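If you want the working numbering, it's the position in the sequence shown, counting the first as 1, plus 3. The beta-carbon is built from N, C-alpha and C at its ideal position, and this holds for glycine as well. The model shown is predicted, which means the values in this text are computed figures rather than measured ones.
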Amino acid sequence: MSFADDLEDFFKKLSEHWTDLIRTIYKNKGLPDELIYEPIVREQAQQLSKAIEQAFDESGYDTPDLKMREFLKKNVWEFSVAKNYNDNVALNNLLLKSDGSLRNWNDFKREAQKVVGKSIRYLKTEYNTVVIGAQKASLWSDIQKAKHLFPYLQFDVVLDGHTSDICKPLHGVIVSVDDPMLKHYFPPNHFNCRTTVRQLRKGVPTENYAVPDIPDAFKNNPGITGKVFTQKNSYIVNTPSDVLVLAPSLYKENERNKRYEGIEFEAHKIGKGVVEIYKHETLKDKQRKQTGSEFTKNKEALTLLAKQGEKYRMLPIVEDGQTNPDAFNLKTEKYVDVKVTESSNGKNVIQSALKEANRQGVKEVIIQFTKELTSNRDAFEALRATFKQGRAKNVETITFIMYDKRILRVNTARFK
């Protein structure tokens, strides 16, 4: 499997995202608020996750190892967050010249493209490392299941002009399947590692072999830890914990997206915006359309925002035991909950809407009031109190559509 195979679309999307990020950093003279650029993180992590799936599917080993696949995919999402953070810091550091003055746009763009080029070159090697790591994790599972039949392993190092000095000492070494050294010296032992192990029915453990000088980041057995990239990986080491913590939620959100695979959406252009609506005939199994009244209200609210240039996708209901957000923001790639109410009690509506949004696990909430509120102050105080009490901590953006069609957008960071 080669990194270059069938990845033209991936590189095209990645290039577009990098172009957007470079412009954004220069325009804002700094990093994005979350210090990562989610579109790039998603593209990289999704591609590395595909590598894991393909590696397991093509390994020829006996077990599907669904849990191990999940562990490894969570690991590449963490890695992708860390890699992007480090790349972003490198780009941010290019804004100023050595004398402290701001670079002009052309100079910044030229230097930024060098950072991007280096990141993509490394990504090719990192991709191949993920493939190897996934293959070896699957192999390790089979080794454990068959160790009563094959109690020994022999290291096979490819010896040619490209052989690394790191692995050479392991060639031909025989160890017991339960030898503790396999926790740290199981391949891959470095980038582009081609070393593998062979299962033996009979064997004599090798004595006094030279312990290879493996980089600390590779002293790992992916079949035991569920990680290809350990906590000693240079990207991960240099990423703050409050950035790394973003990875699990991004992974979870990506898995959530799979519920809608196979559904076709029809785009309705409205002004400069778009509302995409699912085609009923493409719904299957546990997927069903929103109820008539709910659909009509949600569509009306999203249409009003589309007239302002926003882009949303209406989502069907999926009866799989998970929560069902109403829409998906095509610009921010965040899930959205929509609340359209005829009540004039803003306090109660806001508290109820944010409680539901928090349960749904969405990042954006749209609340449309069809009647004038009895008290704007009470509504605002309810909004502030809800966040102060931590009852809507995951919500990032709230859009209010007032009774007179005025649109008010609130960044909830001010309340946190």
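Same chain, Cβ closer than 7 angstroms to residue i, five either side skipped, listed in chain order
i	result
Cys170	Val160, Asn192, Cys196, Thr198 and Pro215
Phe13	Glu46 and Gln50
Ser18	none
Ser347	Lys374, Glu375, Leu376 and Thr377
Lys16	Glu46
Ala483	In the structure displayed, the chain extends from 4 to 419; residue 483 sits before or after that span and is not available.
Asp110	none
Pro218	His193
Leu152	Arg204
Glu11	none
Gly324	none
Cutoff 6 angstroms; reference residue i; Cβ partners in own chain excluding five residues on either side
i	result
Ile177	Tyr155, Gln157, Gly206, Pro208 and Thr209
His271	Val278
Glu313	Gly276
Ile280	Glu269 and Met317
Asn301	Asp329 and Val341
Lys334	Lys314
Ala385	Lys350, Ile353 and Gln354
Ala395	Leu357, Asn361 and Thr389
Pro172	Ala213 and Pro215
Glu322	Lys289
Val1	Nothing can be reported for residue 1: it is not among the residues displayed for the chain, which extend from 4 to 419.
Ser122	Asp90
Asp23	none
Gly274	Lys310
Glu267	Lys282 and Thr285
DSSP bridge partner residues for residue i (one or two, in chain order)
i	result
Met317	Ala330
Thr199	Asp159
Leu105	Leu99
Thr2	An answer regarding residue 2 cannot be provided, because it is not within the stretch 4 to 419 covered by the chain.
Lys3	Any property of residue 3 remains undetermined from this structure, which presents the chain solely from 4 to 419.
Val178	Leu156
Asp60	Asp60 is not bridged to any residue.
Lys337	Asn332
Lys342	Ile370
Assumed close pair residue i, residue j - CB separation to whole angstroms, cut-off 8 angstroms
i	j	result
Tyr238	Asn89	5 angstroms
Phe390	Thr415	6 angstroms
Phe194	Thr132	6 angstroms
Gly265	Lys287	7 angstroms
Ser212	Lys77	According to the sequence shown, residue 212 is Tyr rather than Ser. Their Cβ separation, rounded to whole angstroms, is 34 angstroms, which puts Tyr212 and Lys77 out of contact at 8 angstroms.
Lys366	Asn397	7 angstroms
Trp21	Ile39	Not really, about 13 angstroms apart at Cβ, beyond 8 angstroms.
Gly229	Phe74	3 angstroms
Val84	Leu247	6 angstroms
Ala250	Trp80	5 angstroms
Gly364	Thr326	6 angstroms
Glu336	Glu41	7 angstroms
Cβ-based neighbour list, residue i, same chain, cut-off 8 angstroms, excluding 5 preceding and 5 following
i	result
Leu307	Gln371, Ile404, Lys408 and Ile410
Asn425	Residue 425 lies beyond the residue range present for the chain, which begins at 4 and ends at 419; the question has no answer from this structure.
Asp36	Ala416
Thr294	none
Thr402	Leu308, Glu367, Val368, Ile369, Ile370, Ile410, Leu411, Arg412 and Val413
Met4	Residue confidence for Met4 is low, a pLDDT of 46 falling below 50, so the modelled location carries little weight; the figure read from the coordinates is stated next. Contacts found: Ala54, Gln57, Ala58, Glu61 and Val134.
Tyr130	Phe6, Gln50, Leu51 and Ala54
Lys112	Ile25 and Tyr29
Asp68	Phe59, Ala140, Ser141 and Ser144
Val200	Leu142, Ile146, Leu156, Gln157, Phe158, Asp159, Phe189 and Pro190
Pair every Cβ in the segment 336-353 with every Cβ in the segment 48-58, then say whether three or more of these pairs are closer than 8 angstroms. As far as the Cβ criterion goes, the segment 336-353 does not touch the segment 48-58, which means the pair count is below three.
Validate contact between the segment 219-238 and the segment 128-148 using beta carbons, cut 8 angstroms, 3 pairs: These segments touch.
Complete alpha helix (DSSP H) runs within the segment 230-302 (minimum length 4 residues, chain order): Whole alpha helix (DSSP H) segments, 4+ residues: 237-240, 244-247 and 249-260.
Which complete alpha helix (DSSP H) runs does the segment 23-62 hold, if anything under 4 residues is left out? Within the segment 23-62, the complete alpha helix (DSSP H) runs of at least 4 residues are 41-61.
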